[in-house]
Amino acid sequence: SPPAIIAPSILSADFAELGKACSGTMGQGADWLHVDIMDGHFVPNMTFGAPVVTKIRPHVDRPSSAYGRGTFDCHMMIAEPKRWVRDFKKAGCDLYCFHYEAAFSTAAEEPSATSTEKTSPKELIRFIHGLGMQAGIAIKPKTSVDVLWEILENPVKEEVPDMVLIMTVEPGFGGQSFMASELPKVTALRIKYPDLHIEVDGGLSEKTIDQAADAGANVIVAGSAVFGAADPGEVIKKLREAVES
Ligand code: DX5
Ligand code: ZN
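Following full-length UniProt numbering, the numbering of the sequence shown begins with 2 at its first residue and continues without gaps.
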């Protein structure tokens, strides 16, 4: 399997001190930063957009290679993922992870433009790669893992995602309970794809990490478990050890 990657979700950080929270969690041993973007349409909550990402980006060193330390892992819980790819590239996003459920929208490539043409996951992945970012594809709990096979089996490399995100809560809020019911998706993916980055997001903590790691996840998002801890560095270390063991 690929290496353990711990990605604290800054959704649970103090938004008034976001820059400090980002550099702080990196100093405590985080590998990536998980940046939750919510638009109030795809999910019933809003966070922030590219202008905020632009402002926090200088607080964390850029990764020296793909998937490296300091990767900005942007989880796009938005209805029109194609529309914001360029803006997020400019803001310093390294990995643009869109939701499968939103990937067929008719959104244009530019915020101001209009389009009636439908896009698709593979087209979106090609577009993200063309701008020099890694591409991730996320699925919600109610979405079957079976939608991913065709996307992963595509022989055209530029159209294949670098990471799959299996949501282990309904997206929208931090601090929800882990859904172990989603782990068979991780196992099925890991069996077929030993080298794929498989991320889990939602309810990950010292209590749930062993199940997720056993299923085969290697990229671990944790919001409340890290930012709510008395010693976040210790939590990051424990999550890493559970994946590596
Ligand atoms: C939920 C977000 C998560 C969230 C996880 O919609 O995608 O990244 O921050 O928070 P915890 O780890 O508290 O469940
Ligand atoms: Zn997330």
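Each residue gets a CB set at the ideal place from its N, CA and C atoms; glycine is no exception. Fair warning: this is a prediction, and the values are worked out from it, not measured in the lab.
Lys-83 is positioned such that its CB atom lies no closer than 8 Å to that of Leu-132.
Contact check for His-198 and Met-164: beta-carbon distance about 4 Å, within the 8 Å limit, so the pair qualifies.
Distance between Met-47 and Ala-104, taken at the CA atoms: about 19 Å. In the same chain as Leu-205, and ignoring 5 residues on each side of it, the C-beta atoms closer than 8 Å to its own belong to Thr-169, Phe-179, Ala-213, Ile-221, Val-222, Ala-223, Ala-226 and Leu-240, in chain order.
Taken atom to atom, the span from the alpha-carbon of Pro-122 to that of Ile-152 is near 7 Å. Taken through DSSP and simplified to helix, strand or coil, Thr-169 comes out as coil. In chain order, Asp-32 and Pro-64 place their CB closer than 7 Å to the CB of Arg-70, counting only its own chain and leaving out the 5 sequence neighbours on each side. In the DSSP assignment, Phe-89 falls within the unbroken alpha helix (DSSP H) covering 86-92.
The residues Lys-90, Cys-94, Asp-95, Leu-96 and Tyr-97, in chain order, have a CB closer than 7 Å to that of Met-134 in the same chain once the five nearest residues on each side in sequence are set aside. Within the same chain, Ile-57 and His-60 come within 6 Å of Gly-20 by CB-CB distance, once the 5 residues on both sides are set aside.
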